[in-house]
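Residue numbers (the working numbering): 28 to 358.
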Ligand code: BYC
């Protein structure tokens, strides 16, 4: 890739080799990298990509659950779901702000999402057909999100790691509310239990796909681990998720839809069946069951919210002019 051991040697991106070594030494010493610090272009680009995709996932992730706010079965359930969906909007905002510290604008990220160019998590391209899907999303999707995001609290980039600490606190409430919905349904009438099982059947495999491709097919994994953006590989986190979730399903009497699922004493974890990667890539490339609807809904919200952005800009301009006028008057 680039020559080794030469003083002042340049990498392909024109970065000084000594600079890259100094940067890696800071990472290895567990120092946090802050927005005004020098950083390799690849590090900056990787973070913009990952944080941007993460922010889009939160914002698009509001849609499948938002679909059930008006139909939640009780006032208590409605209040909890409303709070959860609002939290997700908040997570999107912290994350867009964290990405902005790297020199990309929120407008640019939004344009890329609306143009179908930016990725967001595959999981949000599946429909929410019954109330049990809201339970399954909280339990499995937020459960998978926590497994992935707890290590991100130790990410080497300061603003991302700090945003993740708050996000994870909220995600843990989300996971519990989902599991509690599943528990209630699983202990209810036979129709309710069937509904819970059906939701588990539909959300199990897409939840495993959330962790990304196998390590052997993960393009960014190794470099992101070296830079301590990621602390564990996709397969490691997926395995931890399966190990944690299977006993939870057993506890409420639901069955994981995988005939190959089996405890492996030697590895102290579950073996599980093959993931349908064709389905994963179909969804990631825009051809999942709900991709078009999700982007259309975001585009509509963006267009309908234009007046809010205009009003906020006009208000900010007025405040700035007023502050400028009082500064001149004071001189
Ligand atoms: N869906 O080299 P890899 C939430 C892409 S929000 C779509 O392993 P990396 C919640 C990947 O981007 C959940 N695409 O990548 C919200 C890459 O493509 P590009 C979102 C995926 O980055 C509301 C290519 O595949 N969480 O929890 O090292 C309600 C190769 O992958 C997916 C985050 O975003 C996928 N599932 O690892 C409820 C967490 N997986 O970019 C819940 C932060 C992979 O080269 N992100 N791809 O075009 C991460 O931890 C990492 O980015 C990933 C992927 C583990 C997802």
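Here a beta-carbon is modelled for each residue, glycine too, at the ideal position from N, C-alpha and C.
Euclidean distance between Cα positions of residue 26 and residue 321: Nothing in the structure corresponds to residue 26, since the chain is present only between 28 and 358.
Does DSSP classify residue 318 as helix, strand or coil? Residue state, collapsed to three classes: helix.
heavy atom of the ligand BYC below 7 Å from residue 209 C-beta: Residue 209 Cβ: outside cutoff for every heavy atom of the ligand BYC.
Touch check for the region 190 to 206 and the region 163 to 182: three-plus C-beta pairs under 8 Å? The region 190 to 206 makes contact with the region 163 to 182; the number of CB pairs closer than 8 Å reaches 3 or more.
Along the beta strand (DSSP E) that carries residue 291, what are the first and last residues, could you check? That run of the beta strand (DSSP E) goes 289 to 291.
To the nearest angstrom, how far is it from the Cα of residue 303 to the Cα of residue 235? The straight-line gap from Cα to Cα measures roughly 10 Å.
Taking the CB atoms as reference points, tell me whether residue 270 and residue 241 lie closer together than 8 Å. Taking C-beta atoms as the reference points, residue 270 and residue 241 fail to come closer than 8 Å.
What did DSSP end up calling residue 33 once you bin it into helix, strand or coil? For residue 33, the predicted model reports a pLDDT of 40, less than 50, meaning its position is unreliable and no value from the coordinates is stated.
So, residue 60 versus residue 148, is the Cβ gap smaller than 8 Å? No. Outside cutoff.
Whole-angstrom C-beta distance between residue 118 and residue 85, which should lie under 8 Å: Sure, about 4 Å apart at Cβ, within 8 Å.
Decide yes or no for the touch test of the region 213 to 224 against the region 273 to 293: beta carbon pairs closer than 8 Å, at least 3 of them. Touching, yes, given that three or more Cβ pairs across the two stretches are closer than 8 Å.
Please find out if some non-hydrogen atom of the ligand BYC comes closer than 7 Å to the beta-carbon of residue 335. Distance from the C-beta of residue 335 to the nearest heavy atom of the ligand BYC is not below 7 Å.
Residues of its chain near residue 157, where Cβ-Cβ distance is below 8 Å and the 5 sequence neighbours each way are ignored: A distance below 8 Å between beta-carbons, with the five flanking residues on each side excluded, links residue 157 to the following residues of its chain, in chain order: 222, 225 and 226.
Let me make sure I understand the geometry here. Which of 349, 83 and 337 has the alpha-carbon closest to that of residue 121? Nearest option by C-alpha distance: 83.
Local Cβ density within 10 Å of residue 106, reported as buried at 16 or more and exposed below that: It counts as exposed.
C-beta contact flag for residue 89 and residue 112 at 8 Å: Contact flag set, yes.
Checking the sheet assignment: what are the DSSP bridge partners for residue 262? Paired residue(s): none; residue 262 is not in a bridge.
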